[in-house]
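Quick note on numbering: the sequence shown equals residues -30 to -1, 1 to 260 in mature numbering (1 follows the signal peptide of the UniProt record, and there is no 0).
Working notes, beginning with the structure itself.
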Amino acid sequence: MMCCLKDIFKKAIFIILAISVLCFSGCAMNNSNEQDNVAQNNQKVLKPGVAVPKRDKNVKYSVPEGVSVLMYHMIGDIPGNDAVMTEKNLRMQMQYLKDNGYHPITMQELYDYVSKGAALPEKPVCITFDDGYHDSYTIVYPMMKEFNFPWTLFLITDDVGKAYNRMTWEELKEMADSNTVTIANHTLSHPKLHNLSSRKEKENEIEGAQKALKYHLNIDNAWIAYPYGDYDEEVIDICVKAGIKLALTTDAGRVHEGSYPYELKRVYIGNNVDMHHFAERLMKDDYSTL
């Protein structure tokens, strides 16, 4: 009798173990499938208008002492206008960045560095263009693709397709869908926001541009460059409520970990900035003025 009970007990243990193994295997397979699904879903998450840099696996990451956010405007040949840089000078500067190991970063990477102290690729720099001139499509866009540099375009949305030297929404859509450029808010009409007489006018400029980016390009935008670098506390409050997480000024200097994200400085790059001064502006907060 005792022997029979032992045999029954052994068989029961064996059955329980077998069931446990099968259950564990099933869970492992489900977990593996879930991970595969997550990986596949993550690959589909890319949104239009968000630059996605392709890094070399050997790039080292660290938390830098500061980041120069380069501020450009128009590319062309207009003698005497320092805000208009020649294509030749722009190419020389981009070649310098490449040859000297600089790594352009996205707005998202800049925000993560400022707000969380996130590590960045060695020798980081941020490339921004303001306004939305047509040369951003014909010159800047192909050049940045050639160098594999992510960059950001701050767009005056009411100018699109209207002025003779501005881009069309079709051209902007092509750029946004390429995932090489981040397209962001530079307001509806480029006013000095602080000078607007009412909160409603300020909201219209900021929120209106947000809506235009969403409607035409399907972009849920989180970045703005204040026109003329002009803003006040009310403007910042409107930006926060509009879903904007980071704002750039025209104040001279570099961005640092812990900088207030709605008052970030930039480094102006005009046509008179030669290569010596360009190199200096990449590395120093107190760079010399021209």
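We treat Cβ as the ideally placed atom computed from N, Cα and C, and that holds for glycine.
All figures in this text were calculated on a predicted structure; none of them were measured in a lab.
Label residue i either buried or exposed according to how many other C-beta atoms from any shown protein chain fall within 10 Å of its C-beta, with 16 as the threshold for buried.
i: D24; result: The sequence as given places Lys at residue 24; Asp does not occur at that position. Under this definition K24 is an exposed residue.
i: residue 278; result: Because the chain spans -30 through 260 in this model, residue 278 falls outside it and cannot be assessed.
i: S106; result: buried
i: M55; result: buried
i: Y83; result: buried
Strictly by DSSP, which residues pair up with residue i?
i: M41; result: T98 and Y238
i: V151; result: W121
i: R136; result: Y103
i: V225; result: V37
i: L218; result: A195 and L234
i: H73; result: P94
i: M253; result: Partner(s): none; M253 has no beta bridge.
i: V54; result: M44
i: S32; result: L90
Just how far apart, CA to CA, sit residue i and residue j?
i: I(-12); j: A154; result: Any reading at I(-12) must be qualified, since the residue scores a pLDDT of 42, below 50, and its modelled position is unreliable; the value itself is stated next. Going by the C-alpha atoms only, they are around 56 angstroms apart.
i: M245; j: K93; result: 17 angstroms
i: D69; j: K215; result: 32 angstroms
i: E57; j: P112; result: 12 angstroms
i: S148; j: H43; result: 21 angstroms
i: G213; j: Q78; result: 14 angstroms
i: K132; j: V33; result: 43 angstroms
i: F117; j: E35; result: 25 angstroms
i: S2; j: V29; result: Confidence is the limiting factor: at S2 the pLDDT is only 38, short of 50, which leaves the residue's position unreliable, though a coordinate-based value still follows. When rounded, the distance between both Cα atoms is 30 angstroms.
i: V95; j: S168; result: 36 angstroms
i: I256; j: A53; result: According to the sequence provided, residue 256 is Asp. The question's Ile does not apply to it. The straight-line gap from Cα to Cα measures roughly 21 angstroms.
i: L125; j: T108; result: 16 angstroms
i: V110; j: G240; result: 15 angstroms
Residue i by DSSP, collapsed to three states: which one?
i: T259; result: coil
i: A146; result: helix
i: P161; result: coil
i: D(-24); result: The predicted model places D(-24) with a pLDDT of 49, which falls under 50 and marks its position as unreliable; any figure quoted below should be read in that light. Helix.
i: K184; result: helix
i: G115; result: In the sequence as displayed, the identity of residue 115 is Lys instead of Gly. Three-state result, K115: helix.
i: A212; result: coil
Under 8 angstroms: do the region 55 to 75 and the region 201 to 213 share three or more Cβ pairs, one atom per stretch?
No, the region 55 to 75 is not in contact with the region 201 to 213.
Item to check | Segment contact, 8 angstroms Cβ cut-off, at least three pairs: the region 30 to 46 with the region 87 to 105 | outcome: Counting Cβ pairs under 8 angstroms, three or more are found: they touch.
* Counting pairs of beta carbons, one from the region 137 to 146 and one from the region 162 to 181, are three or more of them closer than 8 angstroms? -> These segments do not touch.
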